[in-house]
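Note sheet for the following structure.
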Amino acid sequence: MSVYEEKLEYFKKVIDDIAKGLNYYAGLHIMTYNEYNNAFSALEKTINIINSINYENIIDELQYINNSISSIIKNYGCYSFEDIINICLACSFAETNFTNDLSHKYKLLVKHLHPLNYNIINWTAANAGNAKTLSKLKIIDDKTLLECDSLECFDLARTNTNFIIKVHGIKVIIHDSKNQKTLVINCLCDDLLALNNSNKFIINKKESIAKYITANGLSTSNCYNAELWNNFLNNYSLKELLIYSPCDLYNKYSASVNQIDVYSQKTLEMLVQDFISFDLYNQRAMLIQLLLINNKADNLYIAYILYDILSNDKNASANDQIKLYNSLNWNCKKHLKNALQKTVEYTNELLTFETAKIPLEQSIYFMKANINVKEKALHKLKEIKSKSEDTGSKARQYLDGLLKIPFAIYKEEEILKIKYEISSILNNIINPLKNSNFLLLSANRDISNILTTIHSMKNNNNIININIIEKISANKVVITNELLMLIAEYIEHNKKKITASLLKSLKLKLTSLGAVYDKKLFLKANLLTFIKSLYINPNIINELVINELLLFFKEYISSDYYNYLFSIEKHINQINRKNGEIIAYMNNFNNILDKAVYGHKKAKLQIERIVGQWINGESSGYCFGFEGLPGIGKTSLAQKGLAHCLKDINNKPRPFSLIALGGSSNGSILEGHNYTYVGSTWGKIVDILMEHKCMNPIIFIDELDKVSKTEHGKELIGILTHLVDSTQNTHFQDKYFSNIDLDLSKVLFIFSYNDVELLDKILLDRIHRIKFDILTLDDKLIIARDYLLPELYAKFHFDDILIFEEEELRFIIEHYTNESGVRKLKEVLFEIISSFNLMLLKNNKCYELPYKISREFIEELLRDRFKISYLTIISEPKVGIINGLWANSYGNSGIIHIESCFFHSTNFLELKLTGLQGDIMKESNAVAKTLAYNLLSTAEKIAITKELEKSKMQGIHIHVPEGATPKDGPSAGAAITLVLYSLLSKRKIRNNIAITGEICLQGNITAIGGLDLKILGGLRAGVTTFYYPKANAKDYKIFYEKYEKNMSKIKFVELENIEQAIAEIII
């Protein structure tokens, strides 16, 4: 092909590009119908010239064609930026003039710009070669453009009225110094994620922007916000990066931030008025500015409202909304979609569903309730229609409430659906095996066992499913060989259909595998023998050969065995992935519970067990009883732990509601009032179902032990008893909706209570009790360090400002809190941190940060608080005084000094009891007196009787300080016996010991409660040897396993009877 012919071919290509551009611009409505027709007419003339070219005058003809094309491009544009350079300047122009950094920019322009038209400005002596920087934020005339650099870009938005050109239009300057002229090219720029472009020019531009921010210290300015700045850059396209300098971009950013502040000071009505008054381009700019702060719900809500106005604005064009949306880059579109979602959520939070939008008849028809409920609803509807609006309001309230009850609607988390997915996948594997007619060999026992198990299966269970999958996976080759034999049998029956060419093909396949074979085999008529010989040949039979044979015989297999065989591995992998999700979930389960509360491993294990049941078996309801002292995390474990472990596909936790029963005395709280009562309404249970729109929420019933003990309170307990009974709660009825059964069998009920002794025994029998551990000092230290302090630091923004050492935290816990939980501890820590915050604000004193909290600082701040002191052991062994151990239901514990001495009395061994001792403790004193006296030898009895009769000091005074604190219980029996024995025998009692245990007249020391608390209290008091009943050995073992590391110097002794105690304790 000659040079001239190449040139003509190039012209044809350019004409095709021009036609492509014309169609592109016409589709964007940039070009009018007349312009479009004129342009194609001019192209048609040029094509005719090319087709009828005179080769005798070829050079002039080519120049004329070039000029014609140049004229078309000048007026109507083209699709390729490179064409305008080659046609209007020269093919070598770019290579000669755009070198070094300009070459990268030129490549970007060639790739992403589409010329609309161009102008030529001829140079004059005054402006030749006077290049200088021009502001891109001002309107500049074409003559001024001669002063800028080549390939400099400007915004067409300031000089054009077309929306598309204002958004994507860009003006490019190209200087031709050789011909003393400048091309001003108006183009459309592609909308790209410019910051993701790998072009060197873009990379340099990003670096220059970052350097500009750093060099000018703008990151510390009030206007700068890192997230907002990144959103601003991401919202701009390639056009802005080509046009604006880093300084210009930051100025535009500052203007946007200021404008957003202006918007925040305006009402919604004012913003709507402004938006309507703008043209489409400025409406777009306003939306982009509002979407910059994409984490602020109000901004997103306003942005969507304004965007939605375009569809309702009578003055707007029918497709303005579409044009605006299409003009946004991806980041803006993403934020606008987010605005839509947030708006829906925002609206749903503010507005309730208007049932009037759907006819009541249809609402009743579509209820997922039984026919009885629908009949009652229709009856109320007739009542509404037969009465006026005023008199029918009660019936309307009833019907509206009934329609809100979510009959047969259950929240089911994704993790609970996996069992069905695994069963479905497993059926794809086992159904063909169930329907197969395998002639199993006796050697294939594993396969036989699998099939026997499959045939006997009634209900799919995940554990059984996984077990079967493991067996199938392990015996896949055996199954493969069995299926191969079936294939061989099929071939035997259809061997006439198999031609010699297919046998030849098989021979080639085996040869390519390097298999050893006998040529004579291919000549044998019995193909089944051939297949069987392959089957038993150890040099040939392997997984690869089996797969090749199956591929070869695929079209001759009449059953689905081929597809089944090759799907086994896929299905097994799917099930393994699903099972992996369960494993990952269960491993993460404890992490979620641990984030909610610290410790309570047994309670968490019980919760894990019930969730495990839901995953593997039936998702039925349950009733937990969270039993433990106040403030130890019962409510937090349910609300922040369990509920957040059960999340749906939208990452929303299982609906959770709390009912506080403390002091409640009326059953109507739960089951409502009768419909006929004035002002009656439904109860809290139905209200929860309506609120959460499901029949299986988590209902947490708090303070169960604080329910009133009146008859009305008993009614409440009776309702709860039926509510949690699995045999009755499928037919729960609210009094307001009488005779309408509500199925609560899938509700997870959780009761919380402090004292189990106060609960009704019948109700307690229906509750799965979960006892929460006592929070020890070490537990409280961890909770303070890992939970309470980080939470308080976050509130005050005190990261790395305060330091609490462990010793100071221990001091606060021991001397300023006397509680089972950590509520008071949180209160004290808040007081310390808030006080320190005030000191900093008032600048009372200069503190070096981070400031280490000292004991002196704590005592000074908390000087108005009561400082707790604990009773400690006496300094030396004495007669008639012993250390007893106590604990209460609030988790407090310690030692008590049980003191005794003789007093003047005419009655022998008369008892005087002081220290607010209760009835049970008084009985223990009586038993102890009798036992202690009988433990004396005959000689000792005679001697003590004579001495007491002589001195008239025959009475025994037993005092238990502190006198104002009530004390009761049988656990001091052994201690009182030892005190009396010491007093009567005049023998001292060791001062470093403490004892607990109930006593009987036989001298046996029997079991008591609260051993762990009592030991902890004794340790704080300085006790080094503990004596406890042998019947409490199990309790001691549990305690010792938990606290073993701190017990190296402490001695524990089991006692069965008082004689052992005397031998150990009495000196």
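To convert a position in the sequence shown, counted from 1, into this note's numbering, add 39. Ideal Cβ positions, reconstructed from N, Cα and C, are used throughout, including at glycine.
Could you check which residue in Phe314, Val867, His936, Ser216 has the C-alpha nearest to that of Lys906? It is Val867 whose Cα lies nearest to the Cα of Lys906.
Under 8 Å Cβ to Cβ from Arg862, same chain only, skipping five residues before and after it: list those, please. Cβ neighbours of Arg862 beyond the five flanking positions: Pro669, Gly670.
Distance between Ser939 and Ser932 (C-alpha atoms, nearest Å): If you take the alpha carbons of Ser932 and Ser939, they lie about 22 Å apart.
Best match in His610, Gln219, Pro398 for proximity to Thr163 [C-alpha to C-alpha]: The shortest C-alpha separation from Thr163 is found at Gln219.
Can you give the beta carbon distance from Ile698 to Ile738, rounded, assuming they're within the 8 Å contact cut? Yes, they are in contact, since the Cβ atoms of Ile698 and Ile738 sit about 7 Å apart, within 8 Å.
Please classify Leu345 as buried or exposed, where buried requires at least 16 neighbouring CB atoms within 10 angstroms. Here Leu345 is buried, its C-beta having at least 16 other C-beta atoms within 10 Å.
Less than 7 Å separating the beta-carbons of Ala982 and Gly923? Cβ atoms of Ala982 and Gly923: not closer than 7 Å.
Ser1010 by DSSP, collapsed to three states: which one? Looking at Ser1010 - three-state DSSP - the assignment turns out to be coil, as it is neither helix nor strand.
What are the boundary residues of the alpha helix (DSSP H) that Pro285 is part of? From DSSP, the alpha helix (DSSP H) with Pro285 extends over 285-303.
DSSP three-state label for Ala408, please. Under the three-state reduction of DSSP output, Ala408 falls in the coil class, being neither helix nor strand.
Hey, could you find the ends of the alpha helix (DSSP H) Lys906 is sitting in? Counting along the chain, Lys906 falls outside any alpha helix (DSSP H), and DSSP gives it neither H nor E.
Asn358 - containing alpha helix (DSSP H), residue span: Careful: Asn358 lies outside any alpha helix (DSSP H) and carries neither H nor E.
Touch test, the stretch 767-779 against the stretch 619-630, Cβ-Cβ under 8 Å, three pairs minimum: Contact between the stretch 767-779 and the stretch 619-630 is absent, with fewer than three C-beta pairs closer than 8 Å.
Starting from Pro154, follow its DSSP beta bridges and name the residues at the other end. For Pro154, DSSP records a beta bridge to Cys226.
Alpha helix (DSSP H) runs contained entirely in the stretch 997-1044, provided each spans 4 or more residues: As far as the stretch 997-1044 is concerned, its whole alpha helix (DSSP H) runs of at least 4 residues are 1012-1024.
Is DSSP giving Ile840 helix, strand or coil here? Here Ile840 carries a coil assignment [DSSP, helix/strand/coil].
Decide yes or no for the touch test of the stretch 992-1006 against the stretch 1035-1051: beta carbon pairs closer than 8 Å, at least 3 of them. With a cut-off of 8 Å, the stretch 1035-1051 and the stretch 992-1006 do not count as touching, because too few Cβ pairs lie within range.
Pick helix, strand or coil for Trp653, following the three-state DSSP scheme. Look at Trp653 here: in three-state DSSP terms it is helix.
Could you give the distance in angstroms between the alpha-carbon of Ile111 and the alpha-carbon of Ser258? One C-alpha to the other measures close to 50 Å.
Express the C-alpha separation of Lys1025 and Glu988 in angstroms, rounding to a whole number. CA-to-CA, the gap between Glu988 and Lys1025 works out to about 17 Å.
How would you label His836, buried or exposed, when you count the other beta carbons within 10 angstroms and need 16 or more for buried? When all chains shown are included, His836 counts as exposed.
Following the continuous alpha helix (DSSP H) through Phe941, name the residue where it begins and the one where it ends. Bounds of any alpha helix (DSSP H) do not take in Phe941; it lies within the beta strand (DSSP E) bounded by 932-942.
With burial defined as no fewer than 16 other Cβ atoms inside 10 Å of the residue's Cβ, what is the status of Pro398: buried or exposed? Looking at its Cβ environment, which holds fewer than 16 other Cβ atoms inside 10 Å, Pro398 is exposed.
Using the three-state DSSP reduction, which class does Pro829 fall into: helix, strand or coil? For Pro829, the secondary structure class from DSSP, reduced to helix, strand or coil, is helix.
Leaving out the 5 sequence neighbours to the left and right, which residues in its chain are closer than 8 Å to Lys1088 when beta-carbon positions are compared? Annotation for Lys1088: Thr1063 place their beta carbon closer than 8 Å to its own, counting only its chain and skipping 5 residues before and after.
For Arg323, count neighbouring Cβ atoms within 10 angstroms of its own Cβ and tell me buried if that reaches 16, exposed if not. When all chains shown are included, Arg323 counts as buried.
Identify whether Lys59 lies in helix, strand or coil by the three-state DSSP scheme. Secondary structure at Lys59: helix, using DSSP grouped into helix, strand and coil.
Terminal residues of the beta strand (DSSP E) in which Asn922 lies: Per DSSP, Asn922 belongs to the beta strand (DSSP E) from 920-926.
Contact belief for Pro1009 with Ile959 at Cβ below 8 Å, rounded distance in angstroms: With 8 Å as the limit, Pro1009 and Ile959 qualify as a contact, their Cβ atoms being about 5 Å apart.
Looking at the secondary structure, which residues open and close the alpha helix (DSSP H) in which Gly752 lies? From DSSP, the alpha helix (DSSP H) with Gly752 extends over 750-763.
Using alpha carbons as the reference points, say which of His610, Gly1002, Asn1030 lies closest to Ile464. Minimum Cα-Cα distance from Ile464 among the listed residues His610, Gly1002, Asn1030 corresponds to His610.
Beta carbon of Gly722, beta carbon of Leu709: below 7 Å? Yes, the Cβ-Cβ distance between Gly722 and Leu709 is below 7 Å.
For Met992, which residues does DSSP report across the bridge? In the DSSP assignment, Met992 forms a beta bridge with Ser944.
If you follow the beta strand (DSSP E) that Tyr792 is part of, which residue opens it and which one closes it? In the DSSP assignment, Tyr792 falls within the beta strand (DSSP E) that extends over 787-792.
Grab the span of the beta strand (DSSP E) containing Phe1065 for me, first residue to last. Its beta strand (DSSP E) spans residues 1064-1068.
Note the first and the last residue of the continuous beta strand (DSSP E) segment covering Gly208. Segment 208-215, the beta strand (DSSP E) holding Gly208.
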